[in-house]
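Peer 1: My questions all concern the structure below.
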Amino acid sequence: MAIKLYLLLFLAFFTFSKADLALLKLKPKEIQMTVYFQDYSGGPNATVVEITGPSHGLLSFTKFGAIFCTDDPITKGFEESSAQIARAQGIYVTSALDGSNTHVLISIVFINDEYKGSTLEIQGTSAQFERVREVAVVGGTGKFRLARGYATFETLSYDHASHYALIQCNLTVLHF
Ligand SMILES: *[C@@H]1O[C@H](CO)[C@@H](O)[C@H](O)[C@H]1NC(C)=O
Ligand SMILES: *[C@@H]1O[C@H](CO)[C@@H](O)[C@H](O)[C@H]1NC(C)=O
């Protein structure tokens, strides 16, 4: 009796579509990937711009409320000439009063043969001046439907003159 009532309540509150139920029965697959963000925060081919307008020409990463738009090439290897497999498209906002954290909202938009058209959604706060930053993978589309996981970001090198940063990104993702 109690079980029946529980089931009725359960069915009343959760109405999954048939497709959702089919997905829930599947075992999630885990993937691990190391990729590289080729990031130019200045110069003629900048891949990051400040939406709010930089105060002195340089991007104000430490200014609370500064908003940036990015479209970084993502490569398979660390060399800039390495095969491009995706783009990192999105925005981030300096979200800590003292400028230490940025809030990241970025889609990894795949363009390689294996995952073309699929995306991973990266969202969360990033301790932007730490050596290693960790941000959640909160979802995905295409081959990464219902994805969840985490991504670490480590800046391997930065060149002041060309504003070029090489960022290693390790993705650990469960998806169906
Ligand atoms: C910017 O991109 C153009 C076109 O791809 C290229 O010819 C030029 O060398 C690049 N400039 C720099 C400073 O990387
Ligand atoms: C990311 O993966 C690479 C290659 O496996 C590894 O050398 C590196 O230490 C990892 N970075 C982090 C922050 O875990």
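Residue numbering for the sequence shown is -19 to -1, 1 to 157, as defined by mature numbering (1 follows the signal peptide of the UniProt record, and there is no 0).
Each residue gets a CB set at the ideal place from its N, CA and C atoms; glycine is no exception.
These numbers come from a predicted model, not from an experiment.
(1) Got a sec? Which residues, its chain only, sit under 8 Å from Ile55 by beta carbon, not counting five neighbours each side?
(2) Using the Cα positions of Glu135 and Pro35, report the straight-line distance between them to the nearest angstrom.
(3) Please say whether Ile12 and His144 have beta carbons closer to each other than 9 Å?
(4) Relative to the C-alpha of Val29, which candidate in Lys57, Gln109, Cys50 and Asn93 has its C-alpha closest?
(5) According to DSSP, simplified to helix, strand and coil, what is Phe125?
(6) Based on DSSP bridge pairs, tell me the residues matched to Tyr17.
(7) Among the residues of its own chain, which have a CB less than 6 Å from the CB of Leu7, if the five just before and after it don't count?
(8) Is the beta carbon of Ala47 sitting closer than 9 Å to the one on Asn82?
(9) Return yes when the Cβ of Thr100 is within less than 9 Å of the Cβ of Phe125, no when it is not.
(10) Candidates Glu115, Asn26 and Leu40: which alpha carbon is nearest Thr75's?
(11) From this set, Ala146, Thr106 and Gly80, which residue's C-alpha is nearest Leu86's C-alpha?
(12) Just tell me which of Glu111, Glu102 and Leu127 has its CA closest to the CA of Ala117.
(13) Nearest to Lys44 by CA position, among Gly80, Tyr96, Glu115 and Thr133, is which residue?
(14) Distance cutoff 9 Å, beta carbons only. Does Leu78 sit that close to anything in chain C?
(15) Helix, strand or coil for residue 183 per DSSP?
(16) Per DSSP, which residues does Asp79 bridge with? Please list them.
(17) If we ignore side chains and look at the alpha-carbon of each, how far apart do Ser138 and Ala146 end up?
(18) Taking only the alpha-carbon atoms, compute the straight-line gap between Ser63 and His37 and give it to the nearest angstrom.
Peer 2: The relevant details are as follows:
(1) Val16, Tyr17, Phe18, Gln19, Gln65, Ile66, Ala67, Arg68, Ala69, Ile89 and Cys150
(2) 25 Å
(3) no
(4) Cys50
(5) helix
(6) Thr56 and Gln149
(7) Phe157
(8) no
(9) yes
(10) Leu40
(11) Thr106
(12) Glu102
(13) Gly80
(14) You won't find chain C in this structure, because it holds only one protein chain.
(15) Here the chain comprises residues numbered -19 to 157, so residue 183 is not present and cannot be evaluated.
(16) DSSP output for Asp79 lists no bridge partner at all.
(17) 6 Å
(18) 33 Å
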